[in-house]
Structures are given as structure tokens and as C-alpha cells.
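So the protein sequences, as listed, match chains A and B. Residue 30 is where the first sequence starts when you use this note's numbering, and the numbers rise one by one after that. Residue 707 is where the second sequence starts when you use this note's numbering, and the numbers rise one by one after that. From the three backbone atoms N, C-alpha and C, an ideal C-beta is built for every residue, glycine too.
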Amino acid sequence: MNLNELSPGRSATITQLPMDPDLRCRIQSLGLRIGRRVAVIRRARMGGPLQVRVGTTDLLIRPQQAVQVLVK
Amino acid sequence: MKRIALLGMPNTGKSTLFNRLTGASAKVGNWPGVTVDLLSANVLLGTQTVEIVDLPGIYNLHGFAEDERVARRFLEDNPVDLLLVITNSTQLDRQLALVMQLQELGLPVLLLLNMQDEARRLGIEIDADQLAAEMNISVLPLSAKHGHGLARVREQLAALLSGDSAARKADINHAFAQDDALERRLDAVFSRSVKLPLAASERMTDRIDRLLLHRWLGLPLFLLSMLLLFQAVYTLGAPLQDGVAWLLQTVREQALAPALRNWDPVLSSFLLEGVFDGVGTVLSFLPIIVLFFLFMAIVEDSGYLSRAAFLMDAFMARLGLDGRAFVMQLMGFGCNVPALMGTRIMRSRGLRLLTMLIVPFSLCSARLQVFVFLTTAIFEPWAAPLVLFSLYLMSFLAAFLTALLYRGRLSNNEPLLLELPPYRFPTFAQMWLRGWREVAHFLREASGFILLGVVLVWLLTHYPFDAQPAGSDTLAGQLADLFAPLFQPLGIDSLMTIALLFGFVAKEIVIGALAVIYGVGDGQLGGTIAQHTDWVQAYSFMLFVLIYTPCLSTVAVLRQESKSWRFTALAVAWPLALAWLLSFIFYQAARWLGF
């Protein structure tokens, strides 16, 4: 499954980042790396972004990008 | 002189450290290979003066974001003696990757572990000596915000720069494979030098977020806080602006006018109504710019701006914008000038330009003066507030329409990936320095342009010098006649067209200009206008005033911020076209319906 399918309050481990190198570069620098635990804190209404937490970093990510983060 | 490049990820307190090290002496400078402004300052370290350059915040030295390109180009094209790298101690698990990338450039590195206080609060223990040994670089703890550890940073910098080694340009290769190896090393270094608490305790930030990002309360609270912010800036700003206006008026009437009494009338009019009023226009913006950035520093440094993005993103994303653009649009309702300067927080150029294109549609307080005057003069007391409200709606409509039309061209290619930093409060010194620096920037970049524009409009409305100022015989009157075929279909006569020309300088002077044009005092102006125009004409005029170029200062700042004459031309031409179109549609439709 992907990060966008993870419901708020749940966490999972990142398994794959099938996306273009630009985005992967940025996403990894923000801490979303393969093998890391990621938790979804909340999602904005009406298809808005997700607030996710990796380590001590909280991030805002849009659903379009979240579907490209595969988790287990 | 030796040169230090200051580097770090966004939200690491990099600017705070830079301000701490350099004080108010920093200047904006141009650098080979780099198109954006970078702050730099000369600082005395030990016995030698060195130059410190503040590079934009970057996540990855090999990244594709504009800021990352800028930092890379700077390091490739400018010799540097030392890299001062600042990190957020609470996020070393990912920030060390950047440090390792920078270390591979082969330049001396001093690594700073900032936000020690926050790390301690979270129970994160960092063994700085172990980290220094593992990475083979100098490491110092720091709390830039409170200034703790700063003296040791200065000492260490002086020591590291005392040798005779020559500055070098960096040779940056783009090997991603290396990055992967680097990440593996990172995990090893991190686990040996940093101890994380077993269970993360709930932070204050989480509790505040639960309220401010609440499903139902989040948005109303956001709008409410924006309203309060807006009120604070402009209720504090209005008396200050009045004070400046009073001061200018006094100087003008008590000192300048008597002194120039026996001069040639054309020359004295040029000096008073051209040059002096031009200077006055520039000065009248200063209090509002300082105040705006005092409060913006709070919103930005507190971390609330990325929360605004979270709340508004679902809507703004459809317009090709994000929630931060909405904040700037709202702030534009006070004054467009600082709101345009505030768009600098957006790091993607496309996104920033698109925001700068929509901010000038915000019905600012200067336009409000015109509308309040005209609606009271023309409309029944019950209708006037509704008319005003409709103009606010049109303001949003014009902005959203523009965003929809231009989002393809000014495409925003950077995905929205924002950090939500913990809530922090900036120190007063940080806020003040920010406001002061923005004012200096505005004076340097925009004042000449504004002065020139005011003098130009003075010339148009006074030449030939024997004609009645702003009358139909002046250049302005002739221009109005020339444009009559364009403005007649909008129901705007040639006298009002001259007022529009004045309005190009500043909307505050439109009413005064109308009084001059109609040759009546301010007291009778309302009645005179009501005799000359019906409500359809008046509304068409107001629509035009709302949407076309807000003022010369806005144009100057659009130029200052975009650094592109092409974009500035677009930002002037498109609203003019839209103003004409909307006024035309309204006027013709109203007439066709029999009003």
C-alpha cells in the first residue's frame, strides 16, 4: 500500500520510492527514506495534504506525492 | 579577504545565526553565476576581517530546487575558505547527509549543532566529541536564538582561518550512487553519536496543532488570526502613516511653500508637486513596511505559515497556488507593497510570480478610500455597504480568475513538501532587524522609480505650463481625449480618465485629483460627481480603479522583487486589460438591461 492509504494515527515502514529522481532527492532529504518508519498524523479536508512524521520531522505532503511513497 | 559560506537546511536557524554574527551590517550583493540576491557582511574575527555569505537554505547539495542550484553555482563560481554548516540538533538523522555532501567538497567545515535547547527538551543527547571524531570535522553546539555558544563559534572560526591555505572554488559532481553510500555511513555515525529518547513525549506543538489544525476549527481560527494580524498591522500603521503625512504637509506648508513663493511658478510647482510629493509617496510606505515585517516575522518564524498552507492547500492547489499565497493575498488588502515583498518566502519562482500577479488585485486601504467616498456620494445609504461588499468579491474573483488563467504559464514545478516546524517565537531583535532591512531594501530599489513616475505624471498634468493644471488642455487632457474611444464604452468620461492617470501614481490622490479636475473643493466634490455621473458610470469607474494598476509603488516593487521587466510589464498590462474588460461587460450589460 502507499502512504496516502495509511489512515491518521497509523504508522508503517517505507519500502519503495518509485518516483522521478528530483522528487526522490527532495523526499529523502526530508527524511522519507527506505526503511524508515513514517506515521500519518492527520489529513486536511477536501483532498488536502497529509501531515506525516518521520523521526522528529513533521512534513506536509500532497496526496499526489504520497501515493508514490510505498509502505508496508 | 577570507570568505565563509554559511550553509544549512531550511528551518535550522541559519538566518538567525547570520544576523547574530553580522548584526545590521549585512548588504545584499551580486555574485558571479548567481541571479538572486545573497546577503553578505564583513565581520572582524580575531585579528582579521572575513566575509560571511548567507547562502539559501538547501536540503541536498545535488538537489534540483532553485535554491539548491543557486547554492551550487555559488560554490562552483566563487572561491571560499570555509564552510560554516548549521544543523537542527533535533533532526541530525537526516541533516548529517547534507553535512557529508559538503564535506566531500574538500573545504574546511565547521559544523554547528543548533537548537540545543529544543534537543534537550526532547531528550535527545548528542555526543559532539564522538560526532567530531566520527566525521573528522570541528563540531560546536549552539543556540543561535539565545546567543549561547556564539563566542566559541567566533573563536573556532578565527582559529580555522588563521592558516595560509588559499580559497578554492568547489568542484561538485552529481553522483547519486555516492549519495547512497553516504546515507549508509550516516546511519552508522548517527547511531554512535546521538541517543534518542525511548518514547517520544507529547510535545507542546502537538497540543497546539490539535487545536489549530482541527478539522472544523482550524480554518475559522486561521481566518480569525489573519483578521487580527491585519487589524494589528493597520490600526498601528494608520496613525503612523497619518503622522508621516502630517509631517510632510507641515514641512511643505510651513517651510517649502513660503521659501518657494517668489520662485518661478512652474519650477516651484515642479519641486512641490513633483519632487516633494514623490519623496512623500516613498516615505508614506515606510511605517507600514516595518510593521508588516514585524508581524510577518512572527507568523513566519512561529511556523504558523506552513500550517496555513496545510489548511488552505486543498483550495489553493486548484489555482496553481498554495496556502502561503493566500496569506499574502489577504495581507494585500492592507497594502500591496509589503505583501508583494512577503512573497519571498516562496522558493519556487513560478509559484512566487503567480502570487505576485494576484496580490495587486487585493482591495488595499488606499482604494478603499476612493470607494468609500464614491459609494457614499452616489448610492443610497442602504445600498452603499452592499456595493462595497461587491467590490471585495470582485477583488477575489479577479485574483482567482488570473491564477486560473496563468497557472499553466507560471507553472509551479516544485511539489509542496513543507516542513511543519515546532511552534517558536522569534526574539524582538530578529523581528526588528527584518523590518529595518526590508525598508532599506525598498528605499534602495524602489524609491527612484517612484520618484520618476510622480514627476512624469506631474509633467503630464501640468504641461503646457500656461494651461490649467489637470485641465483638458494639458498633456493629460489630450491623452484622455486620445483614449476617449477606449473609455467611452465604459461610461468613463475624459475628466475621470485624467483621474485614472493620477490613480496610477497612488489611489490616495484620486479623490483630490477629481476635486482639482472638477475645480471644486473637497466639500462639494461628492455633489458635483453625483451630478455628472449616474450609478452605472460610477460603478464602472470603481471597477476599473479596483482592478487596474494599484499604484506606482506596487509596480516598483513588482520590478524589485521579480527582477524582470517582462514580468513587470505583464503585471501592469494584464490587470489593465482585465479592468477594461470587466468594466465594459458591466457597463454595457447594465445599459442593455435599461439602467
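Check: Just tell me which of 1207/B, 846/B and 1196/B has its CA closest to the CA of residue 1184/B.; Outcome: 1207/B
Check: How would you label residue 812/B, buried or exposed, when you count the other beta carbons within 10 angstroms and need 16 or more for buried?; Outcome: exposed
Check: Unbroken beta strand (DSSP E) runs of length 3 or more, entirely within the region 1152-1219 of chain B: which are they?; Outcome: none
Check: For chain C, is any of its Cβ atoms less than 8 Å away from the one on residue 76/A?; Outcome: Among the protein chains in the structure shown, which are A and B, there is no chain C.
Check: Excluding sequence positions up to five away, which residues of its chain have a Cβ less than 6 Å from the Cβ of residue 1232/B?; Outcome: 1083
Check: Residues in the same chain with beta-carbon distance under 8 Å from residue 875/B, minus the five sequence neighbours each way, listed in chain order, please.; Outcome: 781, 782, 783, 784, 785 and 786
Check: Taking its Cβ as the centre, do 16 or more other Cβ atoms sit within 10 Å of residue 754/B, making it buried, or is it exposed?; Outcome: exposed
Check: Please classify residue 733/B: does DSSP put it in a helix, a strand, or coil?; Outcome: strand
Check: Hey, does residue 45/A have any beta-carbon neighbour from chain B nearer than 8 Å?; Outcome: no
Check: Name the residue from 1165/B, 915/B and 1006/B whose alpha carbon lies nearest to the alpha carbon of residue 1140/B.; Outcome: 1006/B
Check: Can you tell which of 886/B, 711/B, 808/B and 911/B has its C-alpha closest to the C-alpha of residue 85/A?; Outcome: 911/B
Check: To the nearest angstrom, how far is it from the Cα of residue 770/B to the Cα of residue 55/A?; Outcome: 8 Å
Check: Going by other Cβ atoms of all chains shown within 10 Å of its Cβ, with 16 needed for buried, is residue 1229/B buried or exposed?; Outcome: exposed
Check: Distance check for residue 1067/B and residue 928/B, CA to CA, integer angstroms please.; Outcome: 21 Å
Check: Taking its Cβ as the centre, do 16 or more other Cβ atoms sit within 10 Å of residue 748/B, making it buried, or is it exposed?; Outcome: exposed
Check: Please determine, among 1086/B, 1077/B, 1025/B and 1150/B, the residue with the shortest C-alpha to C-alpha distance to residue 1115/B.; Outcome: 1025/B
Check: Using a Cβ cut-off of 8 Å (strictly closer), state whether residue 765/B contacts chain A.; Outcome: yes
Check: Three-state secondary structure (DSSP) at residue 714/B?; Outcome: strand
Check: Using the rule of at least 16 other Cβ atoms within 10 Å of the residue's Cβ for burial, across every protein chain shown, is residue 824/B buried or exposed?; Outcome: buried
Check: Consider the Cβ of residue 40/A: report whether some Cβ of chain B lies at a distance smaller than 8 Å.; Outcome: no
Check: Can you give me the start and stop residues for the alpha helix (DSSP H) that residue 989/B sits inside?; Outcome: 983-1008
Check: On the premise that residue 94/A lies in contact with residue 52/A, defined as a C-beta separation below 8 Å, what is that separation, rounded to the nearest angstrom?; Outcome: 7 Å
Check: Evaluate residue 49/A with the Cβ neighbour count: other Cβ atoms within 10 Å of its Cβ, from every protein chain shown; 16 or more gives buried, anything less gives exposed.; Outcome: exposed
Check: Check whether the Cβ of residue 36/A lies closer than 8 Å to any Cβ atom in chain B.; Outcome: no
Check: Note down, in chain order, every chain A residue with its Cβ under 9 Å from the Cβ of residue 769/B.; Outcome: 51, 54, 55 and 58
Check: Classify residue 1034/B: buried if its beta carbon has 16 or more other beta carbons within 10 angstroms, exposed otherwise.; Outcome: buried
Check: So what does DSSP say about residue 101/A, is it helix, strand or coil?; Outcome: coil
Check: Could you give the distance in angstroms between the alpha-carbon of residue 1045/B and the alpha-carbon of residue 1266/B?; Outcome: 13 Å
Check: Three or more beta-carbon pairs under 8 Å between the region 707-723 of chain B and the region 87-101 of chain A, yes or no?; Outcome: no
Check: Name, going along the chain, the residues of the region 996-1016 of chain B whose beta-carbon falls closer than 8 Å to a beta-carbon of chain A.; Outcome: 1012, 1015 and 1016
Check: Identify which residue in 974/B, 918/B and 983/B has its Cα closest to the Cα of residue 1009/B.; Outcome: 918/B
Check: Please name the residue in 1077/B, 762/B, 707/B and 888/B whose C-alpha comes closest to that of residue 1050/B.; Outcome: 762/B
Check: Terminal residues of the continuous alpha helix (DSSP H) containing residue 51/A?; Outcome: 50-58
Check: Closest to residue 67/A by C-alpha separation, out of 41/A, 101/A and 36/A, would be which residue?; Outcome: 41/A
Check: Using 8 Å as the threshold, is the C-beta distance between residue 1078/B and residue 1042/B below it?; Outcome: no
Check: For chain B, check one thing: does any of its Cβ atoms lie closer than 8 Å to the Cβ of residue 71/A?; Outcome: yes
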